[in-house]
Every structure is written in structure tokens, then in C-alpha cells.
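Below is one structure, written out as C-alpha cells; comments come after it.
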Amino acid sequence: MTALVIEVRGLSKTYPGGTQALRPTDLTITNGIFALVGPNGSGKTTFMRMLATLLEPTSGTAAIDGHDIRRDRLAIRRMLGYLPQDFGLYPSLTVDEHLDYIALLSDMPSAAARREAIDQVMAQTNLGNLRRRRVGELSGGMRQRLGVAQAILASPQLLIIDEPTAGLDPEERIRIRGLLAELGGDRVIILSTHIVADVEATADSVAILHLGQMLFTGTTEDLRARSRGRVWMVEVPRERLHEMKERCIFTGVYRVGEKMHIRVVADAVDEPVVEAVEPTLEDAYLDVMGLAMGANDAA
Amino acid sequence: MSWDWLWARTTLRSLVSVARHEFVATLRERSGWGAIVAACALALADSALHPLTPLVSGVRASVMSGSLVLPFLAIIVVAGAARRDQATSAADVIGARPYRRHLLLLARVLSCFAVVTVAYALVIASSLAAPLVFAGRWPSLLTPIHAFGREIVALFFVVASAYCAVSIAQNMLAAAVVAVYAIFVFAWGDYLAPIFNFTLTQNAPTYALIGLGALLGTLTGARWGEGAEGRRPTRGLMLGVSVGLVLAGVATGWHRVATTHNRPLHTEPFAANMASQDIRTCPRAPGFWLRDQCGRDFRLSSVDGRVLVLAFWSPHVPESMAVLDTLQAVARESAGGNVACVAVCLADDYSISAHIAHEGHYGFPMVTDTGTHFSRAVGKCSPLAEAYDLPALPAIVITDTGRRIAAQFMSFATLPPSAVTAEARKALSIPPPPS
Chain R
1 MTALVIEVRG LSKTYPGGTQ ALRPTDLTIT NGIFALVGPN GSGKTTFMRM LATLLEPTSG
61 TAAIDGHDIR RDRLAIRRML GYLPQDFGLY PSLTVDEHLD YIALLSDMPS AAARREAIDQ
121 VMAQTNLGNL RRRRVGELSG GMRQRLGVAQ AILASPQLLI IDEPTAGLDP EERIRIRGLL
181 AELGGDRVII LSTHIVADVE ATADSVAILH LGQMLFTGTT EDLRARSRGR VWMVEVPRER
241 LHEMKERCIF TGVYRVGEKM HIRVVADAVD EPVVEAVEPT LEDAYLDVMG LAMGANDAA
Chain F
300 MSWDWLWART TLRSLVSVAR HEFVATLRER SGWGAIVAAC ALALADSALH PLTPLVSGVR
360 ASVMSGSLVL PFLAIIVVAG AARRDQATSA ADVIGARPYR RHLLLLARVL SCFAVVTVAY
420 ALVIASSLAA PLVFAGRWPS LLTPIHAFGR EIVALFFVVA SAYCAVSIAQ NMLAAAVVAV
480 YAIFVFAWGD YLAPIFNFTL TQNAPTYALI GLGALLGTLT GARWGEGAEG RRPTRGLMLG
540 VSVGLVLAGV ATGWHRVATT HNRPLHTEPF AANMASQDIR TCPRAPGFWL RDQCGRDFRL
600 SSVDGRVLVL AFWSPHVPES MAVLDTLQAV ARESAGGNVA CVAVCLADDY SISAHIAHEG
660 HYGFPMVTDT GTHFSRAVGK CSPLAEAYDL PALPAIVITD TGRRIAAQFM SFATLPPSAV
720 TAEARKALSI PPPPS
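First to last, the sequence lines map onto chains R and F.
Under this note's numbering, the letters of the first sequence match residues 1 to 299, in that order.
Under this note's numbering, the letters of the second sequence match residues 300 to 734, in that order.
Okay, here's the thing in C-alpha cells:
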């Protein structure tokens, strides 16, 4: 399978009422798992819905494998699998009926082909034993697995998944992460999340969105490298915590006896007990976000 | 096999499959079932509370349950389905699929229509079950078929127009507008009732044309909104055809108002004069000239010189319909004699009496006073009821050969036909008035 390329040029969205959900954005996405990270309301869902041809952009354009998102919607939908954040369809249908329905909508008129595809995705998502269960009776994790199953049903080249692990318990979260990691490879997966651990576990490249602006795009390694030499583990007495918070970006606080060990992002830390540490993706993310918020505050 | 034929077959097959899934999903909605059960219970109670024959039960099922309950039931089903379909998460899951929007919309309208049709069948079945459960009488097959036929086109109109309105307006307000429209229709009388009354089979072409036009226009709009990959010249043609269908529907309705529908009699000067006759000083049965079950004009003067047995009933007073069987028995007993039996239906729709006469095999003339309008007092509900000073239904009026009122029976529960026949024989013995 040839590599799929998504070219985003000056794409922006302003909702009626003047809310600018996405500022003009340029981006190129190729095969692998691409994670969009940002706090709630940062424009992730808007960006993904535009790529999924569900939302008309205000300006700019994007081309998926050469197909324009405004003009070639059907061509894009034929190569797309989409899982929205609040996945919900007909709660009264069973899992089997639900997938059959989605397969029909994915241009699979042959019942035999549908059956085969459904059996395959059920095996992949471990839904075989829930075949006859109604969608409304599924737990959050099961429902999310069903969401992934319906998204990959037609073997799409592009998979757009919005917040797949939000609200899940740790076990289900790990299961979904594993599933996504399996699915990556010869297709593009665009994954949005505000949980950095998901990105760390699955993504090849990452973009950080904040207030509709793309603050960073690159590989996860690039993101980590950006903060290398700026992450410190500092030992401070408890009463100095507040003072430290004013000066540094905290990425972790641990209690060790009477002392506090804090993980901070800063250019330099003037403390007696301090140690430079390797940045995690979460450190790097908070670094980028902290800088952006600092810039906003200064403005 | 040509490509076009293959394409059409594949499209039709997938359309049916999508509609089947939508049908199953809608049928399993609890809110819809609540409405269906309520409608069935109403129909059953309505039939059970009145001593009805299977024939009358069928008419009641379509006239009362059909006209009042089903459009609202249809709105509830459609509004529930439309709300579910427009929930962003559901719309996004389906919206990101390559399936054509207009086909999906068509499948959804068809599935809603199928659900409402099932509900309607259940309502009719409930209504017909009452005679079987409470009186041990089997319902006739013809009755549900006719009852079904009376409403089904109107229900298609309600479902298609409500779903299309919600689809175009993208909110539930549109369904509310259709519901309010329905309330107005049922609350209003005179001209509007005959035009829009959902029970009126005469208006089926109007409903069918407007419903199809609205559906076709919405489907074309959905395809248009989908963006590329459409044949642009056909869009204009489709929109033109849909507008044409709606206009043709409106024109058909207008034409029927002008030609077919009877003008309300209480606006007619002759009817007002008839109503003002003082029957106390001159107790002569007022004459009339109304349409019978075959669509022919029937004049009371055509049976001059014979004893007259007039039976008044209305489909809106279920117990009054039993008078028809009494009249049938009197007609049989008096066959060959100088007695004329005539039934007078107080309703704004003469198609009901035509159905009743046909289904009940009633051989006597059955005329309809289409000037009837809703009133709690029977005497005020139609010009003829006012002229005959009827306080309640059913009523039987017997005249002598000079058309002087000889006997009246009002509001009886079960009147033996022999009693009426005896009065008719007595009336025969009254000497005619001097000419």
C-alpha cells in the first residue's frame, strides 16, 4: 500500500458568532499514528471534523491523498474511518446489527462481504462474545471498542479517532491503546487526546493545539528533545512549594518523608538539591503549554 | 445485464437493508412503543365501551383513533427518530460514511412510515379485538382493509412532511409545527376540516402529491448539499418536479374544494329556511336533497306518498350506528310494502357512509348531511338535526303517507325492529291529508 499524505494549507474555522476554533494551519501528515494533543476547547475536534468532511472550513484547504475536503467528500469518505468523541448511535440495535448497518453505509452491499468484515473486526476488537448485546447495554470500554470496530470496518486508509480513552478505566484505556498501536502501520491514524500518556504509548508524531493555534508539530522525539536540559528534579521543603510554583512549571510533585520532590520545567533552578532528568512527553507537553500560557499572560 | 440495471438493483438492495436497520432501531425505541400502546389501549377502550359490531369497530378505528391518535403517534415516532438521527455523535458516525445522504434520508422516511404503519395496524387490530373479546363476535376482514386504506396515504403525508421538515430545519421545532398544524386541523371545522381531515379518503390525491413533492424536494436538497459527484442538470429537473408535485397537490385540493366538496349547508339560505320551519304548528317532516352512498342526489320528495322511516346516526356517536341494523331489519320486514327506509348520516364526510353502506350491505338510501360540524348539542350539529329538532342520537322518525310525523324514537340502546315496524304499520293506517 502506498503512503497516504494529508496536506493541510491555511485551514481555519470560525464559527457563527465569531469564535475562532482553528487559526490558519499548515501541516503535512503521513503514515503512522499522528496525535493531536491539547486541552478541552483547543480546536482538536474542529480540526478532525473538517478532515472528516463533516464541517466546512472557513478558509484554506486540505487534501487527503490528493482529494480536496471541500470538493471530493465521497472519495474521502470511502477511505475514512471515523470515531467521534461521544460515540453513540442506535442503542436499541445489537452489536452485530450495528456493525452490519455501518458496513452497509460503507458501501458494502454484499451480505457475505459484510459478514466477513464484521467477523474480522470483532476478532480484532475482542467483541465476539458481545455480538447479541444491545449497544445501550454496553459499558464505556465496550462501547469504545465497538466505536473502533465500526471505524475500521471498511479497512480505511485514514482513521480519525477523537478522544478514544476519555472516561475509561485504566484497564480499558490500556486495551484501547494496544488496539490503536496494532492498527497503526500502513495507514494514517489521527488521534486526538488530552491524555499525554496515550500519545507516549502510541503516537509516531504529535501536534499540540492551544486556543486554535498549532504550537508544535513533529515527532514525539522532537518534542522531548525540545525540553531536554530544562527538566529538573528538585528537593524542597514543603513550605517553599508555593514559591517554586511561581517560578517554574510543575510536571510532578512527590512526597519523600518531610521533603517534597518536585519535577519542574525551567531554564535553570537555583536550589541546593537538584538533578537534571530526561524529559518525558508530559514534561515536554507542559513545557510547550506553559510557554504558550506565559506568552498569553504577557500579551 | 446492463450497468444501470445492476446499479439500480444494488442501490435498491442496500436501500432496503438500511431501511430495515432503521426500522428495527425505531421500532425498539421505548418512547415510540409507549405511544403505540397508548393508542392501542384507546382504540380498545373506545370499542369496548360501546356495543359495537365489527363493522362499526373498523369505522371507529379509522375515524376516531385514526384521525385523532395516529397523526400524533406519527409525529411522536418521527420526532423521536429525527432527534436521534440529528444527535451530533450519531450524525457524525453516519456522516463520515460514503453512503449517499438522499438515499439515507429516503430509507429513514420509509422506516418511519413502516413503523407508523405497524402501529396503525395494531390500533386497528385492538379496535377489532373488542367485539371478539367482549362479545365473542369475529371481525370481518373487509373492515380492517377499508379502515387501513382510509388512512394510509394521509399517514404517509404526515410522516414524509414531518421528517422532511425536521431534516430541512435541522431542529425539533419543525416537528412541533407539523403537530400544531394537526391540532388546528382537528380543532377547525367547515371548509378546513373537509380539506385537511386526515380521515378523508377524497383528499388522498392531494396528500399523496404534496407528500411526494416534499419528499422529492428534500431528497434533491440532501443530494445537492452533499457536494460533488452529482449530475447538475438533473438537480434542477428534480427540484422542478418536486415543486410541480406540491403545486399539483395544492391545485387538486383547491379543485376538490370548488367542485367535489359539499358546501356547508348551514351557510346555504335554503338550509337556513329549512331549519326555521316551525314543526310544532305544522308537524310535517322537513324535506331535504342530499347525496346518497352512491353519490346520487336523493330527494325526500321522491318517496312522497309512502310511509317514511328515517334513521339518524353519526360515526362520531358509536352507539347510534346500531340503528342501521334496526333499519335494515325494518326494510326487510316491510319489503314490498308502502314503506320507505332512509338513513341519514350526520358527518362532514360522505365517504364514511358510503363505506358503511358498502361494508354492511345496506340496501336502503343512506344520505349524508355534510353540513355537519362539531357541536356537543346534536340539534346544533347539522342543519337537518336542527330542522328535525333532534336532541340525541340515534333517532328514528316515522311519518305517515302525508309526511306528517307519526312517531319518534330517541336515544334507545337496543330497539327491536318489530317495534319500529309496528309503528310504521300504524302510520300506514293513518288516512292521507286532504289534498
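Here a beta-carbon is modelled for each residue, glycine too, at the ideal position from N, C-alpha and C.
At least one C-beta of chain F is nearer than 7 Å to the C-beta of A52(R). Residue contact with chain F for D107(R): present (Cβ-Cβ distance below 7 Å to some residue of chain F). Listed in chain order, the non-local C-beta contacts of D699(F) below 8 Å within the same chain comprise V606, A705, A726, L727, I729, P731, local neighbours out to five positions each way being set aside. Distance check between A723(F) and each of P664(F), L689(F), A610(F) places A610(F) closest, using alpha-carbon atoms only. DSSP lists S192(R) as the beta-bridge partner residues of D162(R).
The region 3-14 of chain R makes contact with the region 25-36 of chain R: 3 or more CB pairs, one atom from each, lie closer than 8 Å. A residue is called buried when at least 16 other Cβ atoms come within 10 angstroms of its Cβ; D267(R) does not meet this threshold and is exposed.
At least 7 Å separates the beta-carbon of A35(R) from that of L159(R). In terms of Cβ geometry, S619(F) and A646(F) do not form a close pair [threshold 7 Å]. Counting only the Cα atoms, Y506(F) lies some 10 Å from T551(F).
Rounded to whole angstroms, the separation of the alpha carbons of S717(F) and S460(F) is 52 Å.
For S227(R), the enclosing alpha helix (DSSP H) stretches over residues 220-227.
Non-local C-beta neighbours of R319(F) in its own chain, meaning closer than 8 Å and more than five positions away in sequence, comprise S410, ordered along the chain. Taking the C-beta atoms as reference points, G43(R) is found nearer than 7 Å to L209(R). Taking a beta-carbon distance threshold of 7 Å, G394(F) counts as an interface residue toward chain R. With 16 or more neighbouring CB atoms inside 10 Å of its own CB, Y419(F) falls in the buried class.
In the displayed model, Y254(R) falls within a strand according to three-state DSSP. Residue burial annotation: V256(R) is exposed, with fewer than 16 other C-beta atoms found within 10 angstroms of its C-beta. With 16 or more neighbouring CB atoms inside 10 Å of its own CB, A151(R) falls in the buried class. Note that the region 120-137 of chain R touches the region 80-93 of chain R; at least 3 beta-carbon pairs, one per stretch, sit closer than 8 Å. In the DSSP assignment, A276(R) falls within the beta strand (DSSP E) that extends over 274-276. At least one CB of chain R lies nearer than 7 Å to the CB of P397(F). For G140(R), no Cβ of chain F is located within less than 7 Å of the residue's own Cβ.
In the three-state reduction of the DSSP assignment, R598(F) falls in the strand class, which pools E and B.
Taking a beta-carbon distance threshold of 7 Å, Y90(R) counts as an interface residue toward chain F. As for any beta strand (DSSP E) of minimum length 3 sitting wholly inside the region 653-723 of chain F, the runs are 665-668, 694-698, 704-709, ordered along the chain. Three or more beta-carbon pairs drawn from the region 160-178 of chain R and the region 48-61 of chain R are found closer than 8 Å, and the two stretches are therefore classed as touching.
Chain order gives no chain R residues near H615(F), where near means a beta carbon separation below 8 Å; the closest approach is about 38 Å. Contact between the region 315-334 of chain F and the region 393-408 of chain F is established, with three or more Cβ pairs separated by less than 8 Å.
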